[in-house]
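This report concerns only the one structure given below.
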């Protein structure tokens, strides 16, 4: 079973994402950027679902550290900041995919399935 880390500081959203994906994937959660980075460094994931803005370390800071560690795990950035500059910045730092909040659970599931099938 493919393993996914869901890192988001919003409990309700993290639970929604986990509930949406847990039937098809092995899900682990992180509540902030520091916890996410530690889990990424300690485990192997097939996909990291990473919130753009989190406490302690932002999603961008986590992403930058992950890529500096030469970790090539696919990263899906989630954000309520849907500006083109935010998307470009995330992609420049190494994000593979980008999804704006709010999104439908089915939209997320379909994207995750497509990412992991490629």
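Numbering (the UniProt record's numbering), first residue to last: 1 to 118. Here a beta-carbon is modelled for each residue, glycine too, at the ideal position from N, C-alpha and C. Only a predicted model underlies this, so the values are computations on that prediction, with no experimental measurement involved.
Whether residue 95 touches residue 66 by CB criterion (7 Å): no
Element boundaries [beta strand (DSSP E), containing residue 54]: No beta strand (DSSP E) holds residue 54; DSSP gives it neither H nor E.
Separation of residue 21 from residue 27, as counted between CA atoms: 7 Å
Option nearest residue 77 by Cα separation, candidates 43, 58, 118, 110: 58
For residue 11 and residue 50, the rounded distance between their alpha carbons: 14 Å
Where residue 35 falls, given that 16 or more other Cβ within 10 Å makes a residue buried: buried
For residue 48, the residue or residues it bridges with in DSSP: 5, 75
Residue 19 versus residue 52: straight-line alpha-carbon distance, rounded: 20 Å
Euclidean distance between Cα positions of residue 40 and residue 90: 18 Å
Cβ neighbours of residue 113 in the same chain (closer than 8 Å, five flanking residues each side left out): 24
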